[in-house]
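In this text, residue positions in the sequence shown follow numbering that gives the first Met the number 0: the first is 0, and each later residue adds one. Where is the CB? At the ideal position from N, CA and C, for every residue including glycine. It should be emphasised that the depicted structure is a prediction, and the values quoted were computed from it without experimental measurement. Notes follow the structure.
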Amino acid sequence: MPRTRQAKVATLDGVENVARHVPGYRGYLEPSQRREDDRRFRASVAEHLNAEAHRLERIESRQFREDFSDFLEELDGSARKLEFLAGAIVIEPGQRAYTDGVVDPVAGIDRDIVEHIDRLHRLVHELEKAYKHDEQFEMNLAELRGLTESIADLIEQRNVALTR
């Protein structure tokens, strides 16, 4: 019995974590609101991804002015990838019903996506603070690549989970 309670508490914590980032999100708890929760989640994630893409574009502009052209392509590529992901996640997954069997996996993936976006936000902040290209800047760019790919993978997993 304690295991069930721990799982429920962990699920509620995950819902609360996502709800802090997605206004109106209820974690697919109410069957009649599941499609609306999904729409809210997708729109909010797209907004966050676009915001981070714009921040990367500002970094790119600043670096271009300061003639730090070494990593301009990489920053631009990351910004484009985030914009692509923002566009990809807002696409309606179809008219499938949000059954109870789909809810738990999708809610877990939602939580993971939000956690990755939090990490992305902090990482872009670190890139904004960088005044010179150094080893740390390069490491942050490498982490940005990996994090962007992880977010892409999670979005793909989410789409697959919704089609089951």
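Tell me which residue opens and which closes the alpha helix (DSSP H) that residue i is part of.
{"i": "serine 149", "result": "134-161"}
{"i": "alanine 87", "result": "71-88"}
Are residue i and residue j close, meaning C-beta to C-beta below 9 Å?
{"i": "isoleucine 116", "j": "valine 44", "result": "yes"}
{"i": "leucine 126", "j": "leucine 74", "result": "yes"}
{"i": "leucine 84", "j": "threonine 162", "result": "no"}
{"i": "serine 77", "j": "leucine 48", "result": "no"}
{"i": "arginine 157", "j": "isoleucine 108", "result": "yes"}
Assign residue i to one of two classes, buried (16 or more other C-beta atoms within 10 Å of its C-beta) or exposed (fewer than that).
{"i": "glutamate 51", "result": "buried"}
{"i": "glycine 26", "result": "buried"}
{"i": "alanine 141", "result": "exposed"}
{"i": "arginine 41", "result": "buried"}
{"i": "valine 72", "result": "The identity of residue 72 in the sequence shown is glutamate, whereas the question assumes valine. It counts as exposed."}
{"i": "arginine 19", "result": "exposed"}
{"i": "glutamate 91", "result": "exposed"}
When you compare each of the options to residue i by their alpha carbons, which one comes out closest?
{"i": "arginine 34", "options": "Thr98, Ile58 and His20", "result": "Thr98"}
{"i": "isoleucine 58", "options": "Gln135, Lys128 and Gly86", "result": "Lys128"}
My guess is that residue i and residue j are in contact by the Cβ rule of under 8 Å, so how many angstroms apart are they, rounded?
{"i": "valine 101", "j": "alanine 160", "result": "6 Å"}
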